[in-house]
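Numbering (this note's numbering), first residue to last: 48 to 306.
All residues carry an ideal CB built from backbone N, CA and C; glycine is no exception.
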Amino acid sequence: MASVGELLPVAEAVVDEAEAIFHAGFGAPDLALHDKGNGDFATTADLAIEQRVRQLLVQMTGVEVYGEESTHASASSTGRSELPRTGAVWVVDPIDGTSNFAAQNPNCGILVALVHDLQPVAAVVSFPKLRLRMAATDGGGVRGLPATAPHPQRHVGVFSQTRPELYTAIRHRGLRPRVSGSVGLDLAYAARGVLSGAINYSPHPWDNAAGALLVREAGGTVTTPEGDDWDCTSRGIIVGDAATHAQLLGAAQSLNRKI
Numbered sequence: 048m049a050s051v052g053e054l055l056p057v058a059e060a061v062v063d064e065a066e067a068i069f070h071a072g073f074g075a076p077d078l079a080l081h082d083k084g085n086g087d088f089a090t091t092a093d094l095a096i097e098q099r100v101r102q103l104l105v106q107m108t109g110v111e112v113y114g115e116e117s118t119h120a121s122a123s124s125t126g127r128s129e130l131p132r133t134g135a136v137w138v139v140d141p142i143d144g145t146s147n148f149a150a151q152n153p154n155c156g157i158l159v160a161l162v163h164d165l166q167p168v169a170a171v172v173s174f175p176k177l178r179l180r181m182a183a184t185d186g187g188g189v190r191g192l193p194a195t196a197p198h199p200q201r202h203v204g205v206f207s208q209t210r211p212e213l214y215t216a217i218r219h220r221g222l223r224p225r226v227s228g229s230v231g232l233d234l235a236y237a238a239r240g241v242l243s244g245a246i247n248y249s250p251h252p253w254d255n256a257a258g259a260l261l262v263r264e265a266g267g268t269v270t271t272p273e274g275d276d277w278d279c280t281s282r283g284i285i286v287g288d289a290a291t292h293a294q295l296l297g298a299a300q301s302l303n304r305k306i
């Protein structure tokens with residue numbers, strides 16, 4: 048396998064091509080929605096992007112792809128998807144925030160991460176309608192950070208399915224929850240400083256892998272909702288600056304939620 052520094056530009060070139068499919072399908076004009084159960088669905092664009100990204104990444108890097116649409120149906124009954132525990136694999140969410148995408152809400156994007164031994168080592172995230180792209184490598188920092196640090200006013204990203212009790216616990220700590228409808232955007236915004244932090248309980252590596260690396264390389268803290276070391280098998284994630292992370296972790300632990 049080539050070095051991480053060599054693979055990141057390949058991933059960015061692949062995302063360039065995927066963006067063309069994204070723009071053409073934005074708003075799901077063909078109304079071709081594919082039911083995935085439990086109220087979840089994919090659009091034709093989700094399927095087309097993942098197919099093209101898979102084809103190009105395997106062809107150009109020789110590394111296999113673990114994508115949301117191709118693995119969703121094989122998720123175990125616990126909600127955990129099987130991911131190789133050793134070696135390298137690309138983890139891809141062709142459209143993070145599909146419901147937003149279908150509704151022409153710009154809070155949606157493409158997430159690509161190179162994972163090695165369950166840890167992200169390279170990542171590219173693109174939110175085309177927001178004109179936002181960020182990229183990072185393990186130990187190499189983040190590209191796409193703003194020149195001037197924002198003032199997030201203690202805003203934190205929360206999962207759209209956040210329990211009311213957790214939402215309340217977060218508010219009681221003086222934080223201001225915000226729901227974007229895109230886990231990947233929440234994590235990217237936490238890395239950029241648009242948000243002070245973020246929390247979600249998604250069990251899927253395609254939701255969290257890229258953003259976890261962005262936050263780490265931006266100097267933030269990344270753990271599970273229980274406060275343990277995070278990896279791509281973790282169910283959920285808490286990220287943020289040290290103070291905000293501690294408050295989010297305290298809110299989660301106050302509910303004694305063990306998943």
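Looking only at its chain, what residues have a beta carbon closer than 7 angstroms to the beta carbon of Val57, apart from the 5 residues adjacent to it on each side? Met107 and Thr108
For Asp82, which residues in the same chain have their Cβ closer than 7 angstroms to its Cβ, ignoring the five residues on either side in sequence? Phe88
Please go through the same chain and pick out, in chain order, the residues whose beta-carbon is closer than 6 angstroms to the beta-carbon of Ile217, but skip the five residues on each side of it. Pro224 and Ala298
Do three or more CB pairs link the stretch 229 to 243 to the stretch 173 to 181 at distances below 8 angstroms? yes
Keeping to the same chain, check which residues put their C-beta closer than 7 angstroms to that of Leu213; ignore five residues upstream and five downstream. Ala298, Ala299 and Leu302
For Arg190, the residue or residues it bridges with in DSSP: Ala182
Do you know offhand how far His226's Cα is from Ala95's? Reading off the sequence, residue 226 comes out as Val, not His. Whole-angstrom Cα-Cα distance: 27 angstroms.
Cβ neighbour criterion (16 or more within 10 Å) applied to Thr118: buried
At which residues does the beta strand (DSSP E) containing His236 begin and terminate? As written in the sequence, residue 236 is Tyr, which differs from the His given in the question. Segment Val230 to Arg239 is the alpha helix (DSSP H) holding Tyr236; no beta strand (DSSP E) there.
Is Val61 closer than 8 angstroms to Leu130 when the C-beta atoms are compared? no
Determine which residues share a DSSP beta bridge with Ile246 and list them. Val205 and Ile285
Report buried or exposed for Asp164, applying the criterion of at least 16 other Cβ atoms within 10 angstroms of its Cβ. exposed
Am I right that Val262 and Val230 are in contact with their C-beta atoms under 8 angstroms? What's the rounded C-beta distance? Going by Cβ atoms, the distance from Val262 to Val230 rounds to 12 angstroms, so no, they are not a contact pair.
Taking the alpha-carbon of Gly134 as reference, which of Gly266, Ala49, Ala265 and Trp277 has the nearest alpha-carbon? Ala49
Pairwise C-alpha distance: Thr195 and Ser249: 31 angstroms
What distance in whole Å lies between the Cβ atoms of Val168 and Leu161, which are believed to be in contact at a cut-off of 8 angstroms? 5 angstroms
Would a C-beta distance cut-off of 8 angstroms place Ala289 and Thr268 closer than the cut-off? yes
Secondary structure at His251, three-state DSSP: helix, strand or coil? coil
Distance between beta carbons of Ala65 and Gly99, contact taken as under 8 angstroms: The residue asked about is misnamed: residue 99 is Arg in this sequence, not Gly. About 6 angstroms; that satisfies the 8 angstroms criterion.
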